[in-house]
Amino acid sequence: MTENNFSLKKIEISVSEAEKRSGRNAVNMQETYTAYLVETRSVEHIDGQSVLTDSLWRRYSEFELLRSYLLVYYPHVVVPPLPEKRAEFVWHKLSADNMDPDFVERRRIGLENFLLRVASHPILCRDKIFYLFLTQESNWKETVNETGFQLKADSRLKALNATFRVKNPDKRFTELKHYSDELQSVISHLLRVRARVADRLYGVYKVHGNYGRVFSEWSAIEKEMGDGLQSAGHHMDVYASSIDDILEDEEHYADQLKEYLFYAEALRAVCRKHELMQYDLEMAAQDLASKKQQCEELATGTVRTFSLKGMTTKLFGQETPEQKEARIKVLEEQINEGEQQLKSKNLEGREFVKNAWADIERFKEQKNRDLKEALISYAVMQISMCKKGIQVWTNAKECFSKM
Amino acid sequence: MLFFSHFLQTSRGEFDSSEFEVRRRYQDFLWLKGRLEEAHPTLIIPPLPEKFIVKGMVERFNDDFIETRRKALHKFLNRIADHPTLTFNEDFKVFLTAQAWELSSHKKQGPGLLSRMGQTVRAVASSMRGVKNRPEEFVDMNNFIETFNQKINLIDKISQRIYKEEREYFEEMKEYGPIHILWSASEEDLVDSLKGVAGCIDKCCKATEKRMFGLSETLLPVVHEYVLYSETLMLTEEIGKLEDKVECANNALKADWERWKQNMQNEIKSAFTDMAEENISYYEQCLATWESFLTSQTDLHLEETSEDKS
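The structure is reproduced here in structure tokens:
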């Protein structure tokens, strides 16, 4: 499969395995990490069969590198987020340890989801570095670094400065920023409360398990009640242990919400880029205007604004007409250049807004679909839990009534 | 100072009237219990609720210690009334029918004939502690009581713990639903889904509250009463260690013991069956709520896709 027809052929990507590894890190210290197997399959049109074309191992840090690269090269795209680096919004049972098998498993699914999102994005799927991520195991990191993308990245400070000083950002982006703040805030809150609810639910179920043991011991002294007690106790045990699977399923639901929590940050990144470009444009326009004014002042001899040259002229004498001419010429060149730059910046800015907004619309539709599905799947989980509960307690009731 | 009013209706001939309403204090109940124990040392006297709030216990079953106590006292009197022997006890009758001043003066009288005999029996019993030749049935009873005491105490603790956990779950659930409403404010296209989920959560929350209430009405008081009963039994059992010195006393105890055990089985069975029923009802309510939401969502989905096609 060549790079060119990569995005045209139908492919299947999966992160199928996770493996603990140890090696030496950048400072030559022994460390343990998890490696994930990324498999790519090409689907043949004729018979629909999929053929394994590529298979390689990647660490979480390599996924991070890929994403950082995509952020720099596609600033108008809402870049899909990675699954969380550390377990957050945990309830007491879950380990916050990165090596915990449940966490690794959920991360594996999250990484697969990330790759699928990139592969199905109309623009990102054509990226060469992404293609190499899936196909070139060795030296991929060096290849990415060679693009020099880190240098191209906008500094955080510059971005922050722009955010505060931009005068006329596109109103839609301001609204979008506001929306993404709200999204982040409400999903965080939801996840926190959900974790507490899960913790409490766990407690309710598990305490019932204590009945099992006591009933069993009690049944030893009861002639008539003995059998009923014993079997009721068994059902209490079943009830208590059922919560583990229920909450594991709910964890997947939480992961779906988390993805959109992290998407909020991706939205903000696009807004920041817009603010930066807009600020840049405003600064360029301002600079041009000031140069034009300077030029005008020199040409007409009026000094409306304070300038060092003007002061020194006053102190040390007027400059010669030749000097003046030379300066005007320089300024006129700069003004010309400036006008060209402004024109291209304007164009860039408009292109950016157009493309960004198209991707944001695409994102919105995806979000609405996904969240609706997630809420439905939550309902399905609750239904399953209720049905299990009805069954266990019906059995228990029968045992009790036979006592 | 707290007065409990009770209203007595009777069809029995020995009462002067068929309806009485009197006020009693907790210490009046204590007095009555003491008199019954003296008069019938070989019978199992029902327990009274604790005088003070027991630390660590779920004090407020229904956020009302007084209400809980009232119900337990009501149970106490009913148990005496249902007992084939105790129901005819003189002190019991006085307790139920006398005005406050009448009861006070009655209390001041010395112990009656029956209770004097009771004192003798008790005295004999304590002198015979550690007697070696115990009848087999009392060995069985002894073993039963010890194990029962252990187990019922554990069950009491577990049941109270369940109540506590359910309450904490309920408290968290109360906060869970509203967040979805908050979220719906910034999501035009998800308003129905989010509000739907919020509604379901709120309904389940109410169902949990109902379940908790049910637990506190049926299982908890019954189990707790049997904890107190088992403490009573540990004492009464001492009497059972008598040899056939007090033959009729043994028989009375044996009969009462059988009666008590039968009652206990019925009541425990009933209490747990009720608890199971409460849980079934809870899950059925929640199931209906979520299924209704799911139907509305999938119907909407079908509508939307058919709109897209047209």
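Residue numbers (my numbering), protein chains in the order written: chain Y, 1 to 403; chain V, 1001 to 1310. All residues carry an ideal CB built from backbone N, CA and C; glycine is no exception.
request  = Entirely within the segment 48-93 of chain Y and at least 4 residues each: give me those alpha helix (DSSP H) ranges in chain order.
outcome  = 60-73
query = Along the segment 1258-1282 of chain V, what residues have a CB closer than 7 Å to any CB found in chain Y?
reply = 1265, 1269, 1272, 1273, 1276, 1277, 1279, 1280
request  = Go ahead and pull the three-state DSSP assignment for residue 155 of chain Y.
outcome  = Your numbering for residue 155 of chain Y matches position 155 in the first sequence. Coil, per DSSP.
ask   = Within the 8 Å Cβ cut-off, does residue 372 of chain Y reach chain V?
value = Sequence index remark: in the first sequence, residue 372 of chain Y carries index 372 (1-based). For residue 372 of chain Y, the answer is yes, since a Cβ of chain V falls inside 8 Å of its Cβ.
Residue 23 of chain Y to residue 370 of chain Y span [Cα, whole Å] = Numbered from its first residue, the first sequence carries residue 23 of chain Y at position 23. Numbered from its first residue, the first sequence carries residue 370 of chain Y at position 370. If I take the Cα positions, the gap works out to 39 Å.
ask   = Where does the unbroken alpha helix (DSSP H) through residue 999 of chain V begin, and where does it stop?
value = The structure shown has nothing for residue 999 of chain V, since chain V only spans 1001 to 1310.
inquiry  = My output table needs one value for residue 1280 of chain V: the three-state DSSP class, helix, strand or coil.
reply    = Position 280 of the second sequence holds residue 1280 of chain V. Helix.
message = I'd like the list of long-range same chain contacts for residue 116 of chain Y, defined as Cβ closer than 8 Å, with 5 residues on each side in sequence excluded.
response = Within the first sequence, the letter at position 116 stands for residue 116 of chain Y. Excluding positions up to five away in sequence, the list reads 13.
message = Can you tell me whether residue 34 of chain Y is helix, strand or coil according to DSSP?
response = Position 34 of the first sequence, counted from the first residue, corresponds to residue 34 of chain Y. Looking at residue 34 of chain Y - three-state DSSP - the assignment turns out to be strand.
ask   = From the beta carbon of residue 221 of chain Y, is the nearest beta carbon of chain V less than 8 Å away?
value = To locate residue 221 of chain Y, count along the first sequence from 1; it is residue 221. Residue 221 of chain Y counts as touching chain V.
query = If we count the other Cβ atoms within 10 Å of its Cβ and call it buried at 16 or more, is residue 300 of chain Y buried or exposed?
reply = Walking along the first sequence from the start, residue 300 of chain Y turns up at place 300. Its Cβ having fewer than 16 others within 10 Å, residue 300 of chain Y is exposed.
request  = For residue 1209 of chain V, collect the residues of the same chain with a Cβ closer than 8 Å to its Cβ; drop the 5 residues on either side in sequence, then sort them by chain order.
outcome  = In the second sequence, counting from the first residue as 1, residue 1209 of chain V sits at position 209. Cβ within range, chain order: 1170.
ask   = Is DSSP giving residue 219 of chain Y helix, strand or coil here?
value = To locate residue 219 of chain Y, count along the first sequence from 1; it is residue 219. If DSSP states are grouped into helix, strand and coil, residue 219 of chain Y belongs with the helices.
query = With a CB to CB cut of under 6 Å and the five nearest residues on each side skipped, what residues in its chain are close to residue 1046 of chain V?
reply = One-based indexing of the second sequence puts residue 1046 of chain V at position 46. Excluding positions up to five away in sequence, the list reads 1076, 1079.
inquiry  = Give me, in chain order, the residues of the same chain whose beta-carbon lies closer than 6 Å to that of residue 1252 of chain V; leave out the 5 immediate sequence neighbours on both sides.
reply    = Translated into the one-based positions of the second sequence, residue 1252 of chain V becomes position 252. Counting only Cβ-Cβ distances below 6 Å, and skipping sequence neighbours, we find 1042.
task = Would you kindly work out how many angstroms separate the C-alpha atoms of residue 1102 of chain V and residue 1277 of chain V, rounded to a whole number?
result = For the purposes of this step, residue 1102 of chain V is taken as residue 102 along the second sequence, with counting starting at 1. For the purposes of this step, residue 1277 of chain V is taken as residue 277 along the second sequence, with counting starting at 1. So the two alpha carbons sit approximately 46 Å from each other.
query = Between residue 1223 of chain V and chain Y, is there a C-beta pair that is closer than 8 Å?
reply = As a working mapping, residue 1223 of chain V is identified with position 223 in the second sequence. With 8 Å as the cut-off, residue 1223 of chain V does not count as an interface residue toward chain Y.
query = My guess is that residue 399 of chain Y and residue 228 of chain Y are in contact by the Cβ rule of under 8 Å, so how many angstroms apart are they, rounded?
reply = Taking the first residue of the first sequence as 1, we reach residue 399 of chain Y at position 399. Taking the first residue of the first sequence as 1, we reach residue 228 of chain Y at position 228. 5 Å between Cβ atoms; contact.
ask   = From residue 276 of chain Y to residue 162 of chain Y, what does the alpha carbon distance come to, in whole angstroms?
value = Start at 1 with the first residue of the first sequence, and residue 276 of chain Y comes out as number 276. Start at 1 with the first residue of the first sequence, and residue 162 of chain Y comes out as number 162. If I take the Cα positions, the gap works out to 5 Å.
message = Counting C-beta neighbours from all protein chains within 10 Å, is the total for residue 99 of chain Y 16 or more, i.e. buried, or is it exposed?
response = Taking the first sequence and counting its residues from 1, the one referred to as residue 99 of chain Y is at position 99. Burial call: exposed.
8 Å Cβ cut-off: residues of chain V touching residue 194 of chain Y = Here residue 194 of chain Y refers to the residue found at position 194 when the first sequence is read from its first residue. Residues of chain V passing the Cβ test: 1176.
inquiry  = Whether or not the segment 355-368 of chain Y and the segment 204-213 of chain Y are in contact is what I'm after, with contact meaning three or more pairs of Cβ atoms, one per stretch, closer than 8 Å; do they touch?
reply    = no
request  = May I ask which residues mark the beginning and end of the beta strand (DSSP E) holding residue 166 of chain Y?
outcome  = The count along the first sequence starts at 1 and reaches residue 166 of chain Y at position 166. That residue, residue 166 of chain Y, is in no beta strand (DSSP E); it is neither H nor E in DSSP.
inquiry  = Quick check: the Cα distance between residue 219 of chain Y and residue 237 of chain Y, rounded to an integer number of angstroms?
reply    = By one-based count along the first sequence, residue 219 of chain Y stands at place 219. By one-based count along the first sequence, residue 237 of chain Y stands at place 237. Those two C-alpha atoms are separated by around 15 Å.
request  = Measure the CB-CB distance between residue 89 of chain Y and residue 195 of chain Y and report whether it falls below 8 Å.
outcome  = The residue you call residue 89 of chain Y lines up with position 89 of the first sequence. The residue you call residue 195 of chain Y lines up with position 195 of the first sequence. Cβ atoms of residue 89 of chain Y and residue 195 of chain Y: closer than 8 Å.
task = Find the nearest neighbour of residue 1232 of chain V within the set V:1146, V:1220, V:1098, judged by alpha-carbon distance.
result = Reading the second sequence from its first residue, position 232 is the one you call residue 1232 of chain V. With distances taken between Cα atoms, residue 1232 of chain V lies closest to V:1146.
inquiry  = Pairs of beta-carbons, one from the segment 1031-1039 of chain V and one from the segment 1082-1100 of chain V, closer than 8 Å: are there three or more?
reply    = yes
ask   = So is residue 377 of chain Y in contact with chain V if we call contact Cβ pairs under 8 Å?
value = What you label residue 377 of chain Y is simply residue 377 of the first sequence in a count that begins at 1. No, residue 377 of chain Y does not count as interfacial toward chain V.
request  = Please check if any C-beta of chain Y sits within less than 8 Å of the C-beta of residue 1186 of chain V.
outcome  = In the second sequence, residue 1186 of chain V corresponds to position 186, counting from 1. Cβ-Cβ to chain Y under 8 Å: yes for residue 1186 of chain V.
message = Counting C-beta neighbours from all protein chains within 10 Å, is the total for residue 3 of chain Y 16 or more, i.e. buried, or is it exposed?
response = Position 3 of the first sequence, counted from the start, is the residue given in the question as residue 3 of chain Y. Low confidence applies here, because residue 3 of chain Y scores a pLDDT of 48, under 50, leaving its location unreliable and the question unanswered by this model.
query = Residue range of the alpha helix (DSSP H) that residue 120 of chain Y falls in?
reply = Counted from its first residue, the first sequence places residue 120 of chain Y at position 120. Per DSSP, residue 120 of chain Y belongs to no alpha helix (DSSP H) and is neither H nor E.
inquiry  = For a cutoff of 8 Å on Cβ pairs, would you count residue 400 of chain Y as touching chain V?
reply    = In the first sequence, residue 400 of chain Y corresponds to position 400, counting from 1. Interface residue, yes.
query = Which residues share a DSSP beta bridge with residue 23 of chain Y?
reply = Looking up residue 23 of chain Y in the first sequence gives position 23. BP columns for residue 23 of chain Y point to Y:31.
Pick from Y:358, Y:61, Y:132 that is closest to residue 267 of chain Y, judged by C-alpha positions = As a first step, residue 267 of chain Y is located in the first sequence; it is residue number 267 there, counting from the start. Ranking the options by Cα distance to residue 267 of chain Y, first place goes to Y:358.
request  = Under 8 Å between beta-carbons, which chain Y residues line up against residue 1179 of chain V? List them in chain order, please.
outcome  = Stepping through the second sequence from its first residue, residue 1179 of chain V is reached at position 179. Residues of chain Y passing the Cβ test: 186, 189, 190, 193.
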